[in-house]
DNA sequence: GCCGTTTTCGGCCCGACTGTTTTCAGTCG
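Residue numbers (my numbering): 37 to 612.
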């Protein structure tokens, strides 16, 4: 959480420097560092200056500022900048279509520093008096102001994927000769996304009109021969780019991003005497294209193995590709079991047998039934007696079903003091125990971390469920020290869950990668509360791919015997 | 403000669309 605070301060510094018209490369340095810090897995406030400077993009000045923040809780440079402008000025900068130059003009020439003042200036015609401002610009700003009031901005990846799928289906029907692909953050599998990026390749004059006249278009933001943007109902922005078929690979590469990955790749191209853009890879000396049609050719020409889209985040994938050390990523087909599901015994919608058959239909060969424990009274959680009885029924039903093996488990609450909600002798009777937090989310970091570490220390805890408790776009993760949890899990042989509920996706990609790097096993589970829930497995697998995981890193890719043998309770027993 | 296979100075990714500009600046991705 402290990293995020530092990242936010650097971002604000960058914004303010931009309004001041400072050196753009200095501004970029702050933005790059902000991005790096936001995704760092180690707690930067605990790093020495030398450790900080070892991070790419952090030099003498920025390392000193991070140290300053760690020691004093603020950065003087940031405060000085804020004193030069009203803090509300940053709201203006974040409006669609308003950039730093416009903000500087608004503030410097008209004294406008809040959204309300800006709206008033538009309405009474004062905006048009400013240089470079006209009627259109005024309308644009009024629309952006209105949208800001209703638009949430980002969306869950699966929601965006669904909207993108419908749009693609429509476009393909309109222009069957043209190739359409989803690119951008959606192709990389990022957990939330701000817009839908579509690439079209081929020649067909109907592409752009078809796109802008799609029935779900709320309004058109921009329209040209090769690039258009629209706002869809529901708040999705969709962008379409059209390039010739011979540039398909280069355009796929370019528009998939991420920005950080592309900057590194272009840098590499330049060093090797090439220019890389969305049309192809060109020799700098002759201008001749040496790649463009196929995406993998771009990477090959630059001396790299093909990098899967999920890894293209500028987090070491280029170096790994150069050394031929990219992992063979897990895929949905590798998953054999699901280790987290609920039934009508607690807050699920289906009975044991229905869930078992649905799991089998979804292609799984084993399923752990893990209903809630008694602390979750609202969900009719199981006490020791009911848990044992429920386990007996799960095993009984499992014994007469073909094609699916049932495991009797529990999702046991971790109480606020770190003890488990059910007695050890009850947990010992079960096949698998998932331990989760569903209460007292607001504990301070030290207490929350201690609570989680106590749970890991319980010999009957096999898996930590949704370990950070975040709800995407809704609730921040609770203040658990994830690196400490990872170290403890590694030492104890406890697995960490990637929960597939689309608003959880918890662990997130960077934490799951940290766990993998430390040798912690991962379990990918749907947390299904109804028979349709097993379809969510693919989203957890996407997170796992973004975390560089291969099938060997994930326990539930094993056969049921292999899975059970990998559980902490069984591993420990043999080594004790 | 960062960084270095030619560099401790002089670079730093590149192109499309819009609006107000009569030749281009601002914004976005």
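Positions of the beta carbon are idealized from the N, C-alpha and C atoms, including for glycine. Note that this is a predicted model, so its numbers are computed, not measured.
Take residue 530 as the anchor and find which of 54, 537, 245 and 495 has the nearest alpha-carbon. Numbered from its first residue, the first chain carries residue 530 at position 494. Checked all of 54, 537, 245 and 495; the closest Cα to residue 530 is 495.
By how many angstroms is the C-alpha of residue 600 removed from the C-alpha of residue 611? Here residue 611 refers to the residue found at position 575 when the first chain is read from its first residue. Here residue 600 refers to the residue found at position 564 when the first chain is read from its first residue. For residue 611, the predicted model reports a pLDDT of 44, less than 50, meaning its position is unreliable and no value from the coordinates is stated.
Going by DSSP, which residues form a beta bridge with residue 316? Translated into positions along the first chain, residue 316 becomes position 280. The partner list for residue 316 (beta bridge, DSSP) reads 313.
Quick check on this structure: which residue in 105, 338 and 605 has the alpha carbon closest to the alpha carbon of residue 41? Taking the first chain and counting its residues from 1, the one referred to as residue 41 is at position 5. The shortest CA-to-CA distance from residue 41 to any of 105, 338 and 605 is the one to 105.
May I ask which residues mark the beginning and end of the alpha helix (DSSP H) holding residue 88? Residue 88 sits at position 52 when you count from the first residue of the first chain. Segment 85 to 89, the alpha helix (DSSP H) holding residue 88.
Secondary structure of residue 544, DSSP reduced to three states: For the purposes of this step, residue 544 is identified with residue 508 of the first chain, where counting begins at 1. Of the three classes helix, strand and coil, the one that applies to residue 544 here is coil, per DSSP.
Please return the same chain residues whose Cβ sits closer than 6 angstroms to the Cβ of residue 46, not counting the five positions on each side in sequence. Counting from 1 along the first chain, the entry for residue 46 is found at position 10. Apart from sequence neighbours up to five positions away, the residues of its chain that approach residue 46 with a beta-carbon distance below 6 angstroms are 66, 69 and 70, ordered along the chain.
Rounded separation between residue 281 and residue 288 - CA only: Here residue 281 refers to the residue found at position 245 when the first chain is read from its first residue. Here residue 288 refers to the residue found at position 252 when the first chain is read from its first residue. If you take the alpha carbons of residue 281 and residue 288, they lie about 11 angstroms apart.
Can we say the stretch 245 to 264 touches the stretch 164 to 174, given the rule of at least three CB pairs closer than 8 angstroms? Contact between the stretch 245 to 264 and the stretch 164 to 174 is absent, because fewer than three Cβ pairs lie under 8 angstroms.
Can you list, in chain order, the residues of its chain whose CB lies under 7 angstroms from that of residue 476, leaving out five sequence neighbours each side? Residue 476 sits at position 440 when you count from the first residue of the first chain. Apart from the 5 residues on each side of it in sequence, residue 476 sits with its Cβ closer than 7 angstroms to the Cβ of 452 in its chain, given in chain order.
From the DSSP secondary-structure annotation, give me the bridge partner or partners of residue 533. Taking the first chain and counting its residues from 1, one reaches residue 533 at position 497. In DSSP, residue 533 forms a bridge with 559.
Is residue 94 helix, strand or coil when you go by DSSP? Working through the first chain from its first residue, we reach residue 94 at position 58. Looking at residue 94 - three-state DSSP - the assignment turns out to be coil, as it is neither helix nor strand.
Report the start-end ranges of each beta strand (DSSP E) in the stretch 228 to 273 that is 3 residues or longer and not cut off at the edges. 231 to 237, 253 to 259 and 263 to 268, all fully within the stretch 228 to 273.
Is it buried or exposed, residue 484, if we count other Cβ atoms within 10 angstroms and call 16 or more buried? Indexing the first chain from 1 puts residue 484 at position 448. Buried.
Helix, strand or coil at residue 405 according to DSSP, with G and I counted as helix: Walking along the first chain from the start, residue 405 turns up at place 369. Strand, per DSSP.
Is residue 116 helix, strand or coil when you go by DSSP? Translated into positions along the first chain, residue 116 becomes position 80. DSSP places residue 116 in helix when its eight states are reduced to three.
DSSP three-state assignment for residue 294, whether helix, strand or coil: The count along the first chain starts at 1 and reaches residue 294 at position 258. If DSSP states are grouped into helix, strand and coil, residue 294 belongs with coil.
In three-state DSSP terms, what is residue 500? Stepping through the first chain from its first residue, residue 500 is reached at position 464. Residue 500: strand per DSSP, three-state reduction.
What residue from 516, 417, 497 and 519 has the CA that sits closest to residue 606's CA? Walking along the first chain from the start, residue 606 turns up at place 570. Nearest C-alpha to residue 606: 497.
Tell me whether residue 239 is buried or exposed, calling it buried when 16 or more other Cβ atoms sit within 10 Å of its Cβ. Counted from its first residue, the first chain places residue 239 at position 203. Exposed, by the Cβ-count rule.
Leaving out five residues on either side along the sequence, give the residues of the same chain with a beta carbon under 6 angstroms from the beta carbon of residue 39. Locating residue 39 in the first chain gives position 3, counting from the first residue. Result list for residue 39: 73, 76 and 80, in chain order.
Return yes when the Cβ of residue 489 is within less than 8 angstroms of the Cβ of residue 520, no when it is not. Numbered from its first residue, the first chain carries residue 520 at position 484. Numbered from its first residue, the first chain carries residue 489 at position 453. Yes, the Cβ-Cβ distance between residue 520 and residue 489 is below 8 angstroms.
Extent of the continuous alpha helix (DSSP H) run through residue 73: Residue 73 sits at position 37 when you count from the first residue of the first chain. Per DSSP, the unbroken alpha helix (DSSP H) holding residue 73 starts and ends at 60 to 75.
The stretch 96 to 105 / the stretch 135 to 144 touching (three or more Cβ pairs under 8 angstroms): Short answer: they don't touch.
Cα separation between residue 286 and residue 330? Along the first chain, read from residue 1 onward, the residue named residue 286 stands at position 250. Along the first chain, read from residue 1 onward, the residue named residue 330 stands at position 294. So the two alpha carbons sit approximately 7 angstroms from each other.
What do you get for residue 609, buried or exposed, if any count of 16 or more other CB atoms within 10 angstroms of its CB means buried? Stepping through the first chain from its first residue, residue 609 is reached at position 573. Any reading at residue 609 needs caution, since the residue's pLDDT is 46, under 50, leaving its predicted position unreliable; the model's value is listed next. Residue environment for residue 609: exposed (fewer than 16 other C-beta atoms within 10 angstroms of its C-beta).
Any idea what DSSP makes of residue 611, helix, strand or coil? As a working note, residue 611 is residue 575 in the first chain. Reliability of the predicted coordinates at residue 611 is poor, the pLDDT of 44 falling under 50, and no value is obtained from them.
CA-CA distance, residue 412 and residue 586? Translated into the one-based positions of the first chain, residue 412 becomes position 376. Translated into the one-based positions of the first chain, residue 586 becomes position 550. Approximately 34 angstroms between the Cα atoms of the pair.
Between which residues of its own chain and residue 429 is the CB-CB distance below 8 angstroms, once the five residues before and five after are set aside? Along the first chain, read from residue 1 onward, the residue named residue 429 stands at position 393. Answer for residue 429: 388, listed in chain order.
Nearest-angstrom Cα separation, counted from residue 576 out to residue 227: Here residue 227 refers to the residue found at position 191 of the first chain. Here residue 576 refers to the residue found at position 540 of the first chain. One Cα belongs to residue 227, the other to residue 576, and the distance between them is close to 10 angstroms.
Whose C-beta lies closer than 7 angstroms to the C-beta of residue 43 among residues of the same chain, with five residues either side of it excluded? The count along the first chain starts at 1 and reaches residue 43 at position 7. Taking residue 43 as the centre and dropping the five residues before and after it, the same chain places the C-beta of 70, 73 and 74 closer than 7 angstroms to its C-beta, in chain order.
Check whether the stretch 346 to 353 touches the stretch 523 to 541, taking contact to mean three or more Cβ pairs, one atom from each stretch, closer than 8 angstroms. Counting Cβ pairs under 8 angstroms, fewer than three are found: no touch.
Exposed unless 16 or more other CB atoms sit within 10 angstroms - verdict on residue 144: Counted from its first residue, the first chain places residue 144 at position 108. Around the CB of residue 144, fewer than 16 other CB atoms lie within 10 Å, so the residue is classed as exposed.
Quick one: Cα of residue 90 to Cα of residue 168, how far? On the first chain, position 54 is the one that residue 90 refers to. On the first chain, position 132 is the one that residue 168 refers to. Whole-angstrom Cα-Cα distance: 45 angstroms.
Under the three-state reduction of DSSP, which class applies to residue 321: helix, strand or coil? Sequence index remark: in the first chain, residue 321 carries index 285 (1-based). In the three-state scheme derived from DSSP, where H, G and I count as helix and E and B as strand, residue 321 is classed as coil.
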